[in-house]
Each structure stands twice: as structure tokens, then as C-alpha cells.
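Numbering of the sequence shown is given in the working numbering, commencing with residue 76 and proceeding in unit increments.
Virtual Cβ for every residue (Gly too), placed ideally from N, Cα, C.
All values reported here derive from a predicted model rather than from experimental measurement.
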Amino acid sequence: MNFILQGHFLLYDLETSYEVIVYTGDKRGAGTDSQVYITLFGNNGKRTEKIHLKKSNNKDPFERNQVDKFCVNGDYIGELTKLHIEHDNTGRLSGWFLDQIIVTDLSDPETTYFTTCNQWLAKDEGDGQIFRDLILSKQSSGIKQDNQYKITVYTGSQKDAGTDADVFITLYGDVGETDAIKLDNRNNNFEAGKKDDFTIECPTIGELNQILIAHNNQGFAPSWFLDRILIEDVNAHHIYEFPCNRWLAKTEDDKQIARFLYPKISTDHEKHPTTTMHTDDGDKINAGTDSRVYIIIHGKDSSSSQIFLNDKKFEKNSVDKFTIYAPNNLSPLTALDVGHDNSGFASGWYLDKAIIECPITGIKQTFPCNNWLADDEGDKLTERRLKEDLSLRKIHRPSMPWHIWVYTSDKKGASTNAQVILVLYGDNGRSRNIKLQRNSDTLQQGHCDQFKVDINDVGIPYKLRVSLNDKNLSTSWHLDQIEMDNLKTNQEYIFHCGRWLSKTEDDKQIITGKCLFNTCNWTFDNSLKSLIVFV
76 MNFILQGHFL LYDLETSYEV IVYTGDKRGA GTDSQVYITL FGNNGKRTEK IHLKKSNNKD
136 PFERNQVDKF CVNGDYIGEL TKLHIEHDNT GRLSGWFLDQ IIVTDLSDPE TTYFTTCNQW
196 LAKDEGDGQI FRDLILSKQS SGIKQDNQYK ITVYTGSQKD AGTDADVFIT LYGDVGETDA
256 IKLDNRNNNF EAGKKDDFTI ECPTIGELNQ ILIAHNNQGF APSWFLDRIL IEDVNAHHIY
316 EFPCNRWLAK TEDDKQIARF LYPKISTDHE KHPTTTMHTD DGDKINAGTD SRVYIIIHGK
376 DSSSSQIFLN DKKFEKNSVD KFTIYAPNNL SPLTALDVGH DNSGFASGWY LDKAIIECPI
436 TGIKQTFPCN NWLADDEGDK LTERRLKEDL SLRKIHRPSM PWHIWVYTSD KKGASTNAQV
496 ILVLYGDNGR SRNIKLQRNS DTLQQGHCDQ FKVDINDVGI PYKLRVSLND KNLSTSWHLD
556 QIEMDNLKTN QEYIFHCGRW LSKTEDDKQI ITGKCLFNTC NWTFDNSLKS LIVFV
């Protein structure tokens, strides 16, 4: 911005310079030969004249997957709020796929404005429009435009779940998106039951709202069963979880090898831990419901959004258990809203009570209802706000969320059908018995099985006990190793074993292995058919 001294007054010369960075998308035919124009809008209805974007840092502007930088002059309009971008539909190839735009008023270079388009400006594509009005988001230079994301990919443990194909990821945020990034490191990645870690660097794209994960269907065994992806925004100290639990395969499921994934209600495990809810359906005629049931949980200072419970049937005189994600700062709850969408053949529902337990705070609350949620019963309400019966409140030792990976050895007869029980010991005491929920496909020879559990806070672990609960004296299991991640502290513990849990195998001697930080000593207790690990 320029200043003019006139008499005793300092006047503004209402013109400034803007840096405009334009990202053309990476799609077939995305580039344009048309003339492109931009108009900027500020507060109080101020706007620039239409500005011709013609002097790019590139010889041919607006080519596919290209970034063009322009320095233009325009009216000073203060803080920017939105822009209008258009082209004149001339040239041999006029259609244009615009990815995003970054604008900086060079009189205030510490503030940058972002907007994402991700649409066609074309007469023969999309909605046929050749202009877009886009909202600008302000970002201070105090936030780095170069950001680091840590990506953890979990391949399922199903048979043939791993892939030999090249895997690519695209991140989408509220201020932009990345290019397709190949996930690759020096390891043999994407094997069945394994987790793979990658670190990428790219411009800041804001809060993540979706990702695109895909592979190129190359290699001897390209089919891939993806369990989930965790992404940590290092600068923002936030973790997102993107569940998948589907095949990316030409021969499985819907035959797709690319999927858009969306974050869970929350995946910042410290702020949004697992919460357990029990619903107790009443013992009345037609008490069950076919409708989609939802809850809203209320704390002292804030509330959750509407959380739909999964597809259980809510049958008469039954108890249904759910695992949900919600901020732990809501516990203890001040109220609980329960409702349904009134869909299905038998929508009416009689709810006896709901029980909410937050492992992180250790608080278990009971919310009596004893009423219908039905448009043809009682007061015809399908949503009710429930209050806690304080006399039934229970408080346990707080818990922490953990991920556990159990590796069964690739030895003949290594599999087991027995119940595995863990006990973790730390400087604050021992955990309760941790029963690993399993099915017929878990704890099989050469496989890794993944579990998420809540464990009462034991402090810094120093010992892990692993045992089999089975009366069959011939039951055996060869355990390779166990990995445990504390999702609150981000500490990882790796316990190497390589031994049998069996009354008929092994020499029952003390052995030594290595864990992530120091030495682990495993002892075998024949009477308990268990291994005890000292860290």
C-alpha cells in the first residue's frame, strides 16, 4: 500500500499488490487455454475490479497439475472474505478444473487467504458453469504452510489381505488438498495383519475431512483388505482415524480399488476416548424398534453432536451394548438425549434405562427412562432428555485406551482357540484381566491380530502376564510377540517372546528377549499355563 502526504494529512493511495497462486487440478483435460479473471471481495461490500491473470511464472499458465503464481495490482479492500474466479471460454481447450487458490495482500504478507474449489469451470463438465464464488479462509504465517503428517496404515488380518500393489493417498482439508502421494518406505509394506508407518510433508491443508486411498492394481497379488488409517497432524497435535474395513480389489466386494474415507466422530484418542453405553429395552408388548436410534450427550459446558448407534435390533427385554466416541470432558454427563428417526416397520420403542460409562474418568452413570419413544404411544415423543439417577452412580479407577497387536508365530501347530488373558503391571498397580475378544479367524499361525482395549491406569508398565484360559491340557499356543500402544501417552512397548504357552511343549526355562526400550525377561509358570514378562 502507498501513502501520500498532502498538507498535514496522511492519505491512503487505495491500491495494493496481491500475490495470487492458482493450482490447476490433476485430471484429464484439466488445463485451459481461456483467459482467466479474478475479483476479490473484502469487508463492508468492498471489491476490486476484475483482474486479468495473465503474467504467470510459467510460460503457459493453467496447465494440468501446475501451480501458477501471479503478482497483480488492485484496489486495497482490507481483510479479504471471498473471491470470484471466471474464464471467457475461449481457446481450443476452454474447460478448466480448478483445485485451489492462495491469495496474499503484499501490504500484509504475514496473512494468507486460502480457498478450495475442486470443481470444473466448463460448459461441458460438472454443472456447466465457467465461474465460481469461493469463500476465503484466513491463515496467519504463524502456522507453517509446510506441515508433517504421520500416517499409520493397518492392513486386515484376513486371508490374502496384503497387497503387492503401489498404494497412494490424497488428503483433503478445509483449506486445500494434497496431490496423490505414494506410500513407500524401505519395508515390505501392506502385509496381512501388519501396520505400516509413513511420514509425509506437504503444505498445510487445515482440518482433515476426508482422504482418498487407492492402489494401482499391479503386482502378483494386488487385492488389499484395508482395516483403517490413522493420521497425525504433527503441527496441530491432532490424530484422525479413518475406518475402512473393506477390500480394495478388482475381485472382491464392489470391485473398487479406490475409496474415499471419512474420519470417525473423533480420533484424537486423548480427548475423545471410547465410551461404553448399555440400553435396557423394556418388557412390554412391541417394546423393540426397527428405527435408527441416536443419542446426544451433554456435559457441563458442551454437548456432542447426534451419534447414531449401530444396527442392533433393540429387541424386547434385551440389553444392547455400544462403543461410541465422545469427548471425555463431557463426563460426568448432565443429561442424555435418546431418540430415533421413526423409520422401519415397527418404529415405536420402550426404553427402560441407559447406562453410560467413560473409562477415562472411571464414571458410570444410569439414566432411567421407563417410557415410550413412539408417535403412537403415550405423549407421542420420539426423543427424550434423560436425567441421571445419582444414587446409582459408580466410580472406578480411570482407564486409558490402548492398541494391542498379538503376533502368533509361523510354526506348525502355533494357532490356538483358547481365550487369551493379559494382565499389565505398572508402578501404579496392576490392570484388571484383559480378555482379548476374538473369533474363529484370530490367533492363527503366522497372523497378527489387532485389538483396542481400555486398561485402568497402571502407570509405567514393568510386567505383562499372558495366559490361556482353557481346561484342555493339550491346548498350546506359540506366541511370537506382543506390541502395545498407549494412545494417551503415545508410548509403544514391544515384547518379544518366541515361546510356547503349553503344558506339553517348551523347556520351561527363563529366556531373555528385547523390547523397544530395554530388556524383557519372560518366565514360564507351568501351573498357570502363562508367560510373565518383566520390562
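Task: Endpoints, beta strand (DSSP E) assigned at I280 - done: Working through the sequence shown from its first residue, we reach residue 280 at position 205. Note, I280: premise wrong, no beta strand (DSSP E); not H, not E.
- [ ] Could you pull out every residue in the same chain whose Cβ sits closer than 6 Å to the Cβ of F243, ignoring the five residues on either side in sequence?
- [x] Residue numbering aside, residue 243 sits at position 168 when the sequence shown is read from its first letter. Around F243: A255, K257 and A289.
Open item on the list: Assuming the contact rule is C-beta atoms closer than 8 Å, W171 and H159 should be a hit. Round their C-beta distance to whole Å, please.
Closed with: Looking up residue 171 in the sequence shown gives position 96. Looking up residue 159 in the sequence shown gives position 84. About 15 Å; that fails the 8 Å criterion.
Task: Local Cβ density within 10 Å of Q440, reported as buried at 16 or more and exposed below that - done: For the purposes of this step, residue 440 is taken as the residue at position 365 of the sequence shown. It is buried - the Cβ of Q440 has at least 16 other Cβ atoms within 10 Å.
- [ ] In angstroms with no decimal places, state the Cα-to-Cα distance between D516 and H553.
- [x] Position 441 of the sequence shown, counted from the first residue, corresponds to residue 516. Position 478 of the sequence shown, counted from the first residue, corresponds to residue 553. The straight-line gap separating the alpha-carbon atoms of D516 and H553 is approximately 16 Å.
Open item on the list: Between the alpha carbons of V481 and S379, how many angstroms are there, rounded?
Closed with: Walking along the sequence shown from the start, residue 481 turns up at place 406. Walking along the sequence shown from the start, residue 379 turns up at place 304. Distance between the alpha carbons of V481 and S379: 34 Å.
Task: Same chain, Cβ closer than 7 Å to Q204, neighbours up to 5 away in sequence not counted - done: Here residue 204 refers to the residue found at position 129 of the sequence shown. So the list reads L196, once near-sequence residues are dropped.
Task: Own chain, CB closer than 6 Å to L384, minus 5 neighbours either side, in chain order - done: Here residue 384 is taken as the residue at index 309 of the sequence shown, counted from 1. Same-chain partners within the cutoff: V368 and F397.
Task: Distance CB(P443)-CB(D529) smaller than 8 Å - done: Position 368 of the sequence shown, counted from the first residue, corresponds to residue 443. Position 454 of the sequence shown, counted from the first residue, corresponds to residue 529. By the CB criterion at 8 Å, P443 and D529 fall outside the cutoff.
Task: Straight-line gap, G104 to E252 (C-alpha atoms, nearest Å) - done: Sequence index remark: in the sequence shown, residue 104 carries index 29 (1-based). Sequence index remark: in the sequence shown, residue 252 carries index 177 (1-based). One Cα belongs to G104, the other to E252, and the distance between them is close to 19 Å.
Task: Exposure of C146, with buried meaning 16 or more beta-carbon neighbours within 10 Å - done: In the sequence shown, residue 146 corresponds to position 71, counting from 1. So C146 counts as exposed.
Task: Per DSSP, cross-strand counterpart(s) of V481 - done: Within the sequence shown, numbered from 1, the residue matching residue 481 stands at position 406. According to DSSP, V481 bridges with D524 and I557.
Open item on the list: Tell me which residue opens and which closes the beta strand (DSSP E) that R574 is part of.
Closed with: Along the sequence shown, one-based indexing puts residue 574 at 499. Start and end: Q566 to S577.
Open item on the list: Which same chain residues end up closer than 6 Å to V97 when comparing Cβ atoms and leaving out the 5 residues on each side of it in sequence?
Closed with: Taking the sequence shown and counting its residues from 1, the one referred to as residue 97 is at position 22. Only D143 and I176 meet the Cβ criterion.
TODO: Find out if the Cβ-Cβ distance for the pair G501, I535 is shorter than 8 Å.
DONE: Within the sequence shown, residue 501 is the residue found at index 426, counting from 1. Within the sequence shown, residue 535 is the residue found at index 460, counting from 1. Taking 8 Å as the Cβ cut-off, G501 and I535 qualify as a contacting pair.
TODO: Can you tell me which of the three DSSP states H347 falls into?
DONE: Residue numbering aside, residue 347 sits at position 272 when the sequence shown is read from its first letter. Unreliable positioning characterises H347 in this predicted model, as indicated by a pLDDT of 44, which lies under 50. A coordinate reading is not provided.
- [ ] Could you check what DSSP says for N118 in three-state terms: helix, strand or coil?
- [x] Against the sequence shown, residue 118 aligns to sequence position 43. Reduced to three states, the DSSP call for N118 is helix.
Task: Beta-carbon gap between I113 and K157 smaller than 8 Å - done: For the purposes of this step, residue 113 is identified with residue 38 of the sequence shown, where counting begins at 1. For the purposes of this step, residue 157 is identified with residue 82 of the sequence shown, where counting begins at 1. Contact annotation: I113 and K157 have beta-carbon atoms that are not nearer than 8 Å.
TODO: Pull up the distance between the alpha-carbon of T342 and that of I314, whole angstroms please.
DONE: In the sequence shown, counting from the first residue as 1, residue 342 sits at position 267. In the sequence shown, counting from the first residue as 1, residue 314 sits at position 239. Only weak support is given to the placement of T342: the predicted model assigns it a pLDDT of 37, under 50, and the value that follows is read from those uncertain coordinates. Approximately 6 Å, taken between the alpha carbons.
TODO: My understanding is that T230 touches K269, with C-beta atoms under 8 Å, so please give their C-beta distance in whole angstroms.
DONE: Numbered from its first residue, the sequence shown carries residue 230 at position 155. Numbered from its first residue, the sequence shown carries residue 269 at position 194. With a Cβ gap of about 6 Å, T230 and K269 count as contacting.
Task: Check: R303 C-beta below 7 Å from any heavy atom of the ligand HEM - done: Absent from the structure shown: the ligand HEM. Ligands present: none.
Open item on the list: DSSP three-state label for L408, please.
Closed with: Stepping through the sequence shown from its first residue, residue 408 is reached at position 333. Per DSSP, reduced to three states, the secondary structure at L408 is coil, with no helix or strand assignment.
Task: Exposed unless 16 or more other CB atoms sit within 10 angstroms - verdict on D560 - done: Position 485 of the sequence shown holds residue 560. Around the CB of D560, 16 or more other CB atoms lie within 10 Å, so the residue is classed as buried.
Task: For I438 and R472, believed in contact at Cβ under 8 Å, the rounded distance - done: In the sequence shown, the residue the question calls residue 472 occupies position 397. In the sequence shown, the residue the question calls residue 438 occupies position 363. The Cβ separation is near 11 Å, so there is no contact.
- [ ] Determine the DSSP secondary structure at L384, reduced to helix, strand or coil.
- [x] The residue labelled residue 384 in the question sits at position 309 within the sequence shown. The answer is coil: DSSP assigns L384 none of H, G, I, E or B.
TODO: Look up D504 in the DSSP assignment and give the residues it is bridged to.
DONE: Numbered from its first residue, the sequence shown carries residue 504 at position 429. According to the sequence shown, residue 504 is Gly rather than Asp. G504 has G501 as its beta-bridge partners, per DSSP.
Task: Buried or exposed (CB count within 10 angstroms, at least 16 for buried), H344 - done: Working through the sequence shown from its first residue, we reach residue 344 at position 269. Residue confidence is low: H344 scores 38 on pLDDT, short of 50, so the model does not pin down where it sits. Its coordinate-derived value is still stated next. Classified as buried, H344 has 16 or more neighbouring CB atoms from the shown chains inside 10 Å of its CB.
Task: For F295 and D239, believed in contact at Cβ under 8 Å, the rounded distance - done: The sequence position of residue 239 within the sequence shown is 164, counting from 1. The sequence position of residue 295 within the sequence shown is 220, counting from 1. A Cβ-Cβ distance of about 5 Å is found for the pair D239 and F295, placing them in contact under the 8 Å criterion.
- [ ] Could you check if I585 is buried or exposed, using at least 16 other CB atoms within 10 Å of its CB as the buried criterion?
- [x] Numbered from 1 along the sequence shown, position 510 holds the residue referred to as residue 585. For I585, the pLDDT reaches just 28, beneath the cut-off of 50, and the residue's location in the model is therefore unreliable, leaving the point undetermined.
Task: P297 to Y337 span [Cα, whole Å] - done: Working through the sequence shown from its first residue, we reach residue 297 at position 222. Working through the sequence shown from its first residue, we reach residue 337 at position 262. For the pair P297 and Y337, the Cα-to-Cα distance works out to about 23 Å.
Open item on the list: Give me the DSSP bridge partner(s) of C444.
Closed with: Along the sequence shown, one-based indexing puts residue 444 at 369. Note: C444 is not bridge-paired with any residue in the DSSP secondary-structure output.
Open item on the list: Do L576 and S551 count as a contact pair if the criterion is CB distance below 8 Å?
Closed with: In the sequence shown, the residue the question calls residue 551 occupies position 476. In the sequence shown, the residue the question calls residue 576 occupies position 501. Yes. Within cutoff.
- [ ] Take E200 as the anchor and find which of Y224, L168 and T186 has the nearest alpha-carbon.
- [x] Taking the first residue of the sequence shown as 1, we reach residue 200 at position 125. Of Y224, L168 and T186, the residue nearest in Cα terms is L168.
Open item on the list: DSSP three-state label for S422, please.
Closed with: Position 347 of the sequence shown, counting from 1, holds the residue named residue 422. The answer is coil: DSSP assigns S422 none of H, G, I, E or B.
Task: Alpha-carbon spacing of L603 relative to S542, whole angstroms - done: Within the sequence shown, numbered from 1, the residue matching residue 603 stands at position 528. Within the sequence shown, numbered from 1, the residue matching residue 542 stands at position 467. Low confidence applies to L603: its pLDDT is 36, below 50, so where it sits in the model is not reliable, and the reading given next is rough at best. Each residue's CA atom was taken as its position, placing L603 and S542 some 7 Å apart.
TODO: May I ask you to verify whether the stretch 173-188 touches the stretch 258-268, counting CB pairs closer than 8 Å and requiring at least 3?
DONE: The stretch 173-188 is not in contact with the stretch 258-268.
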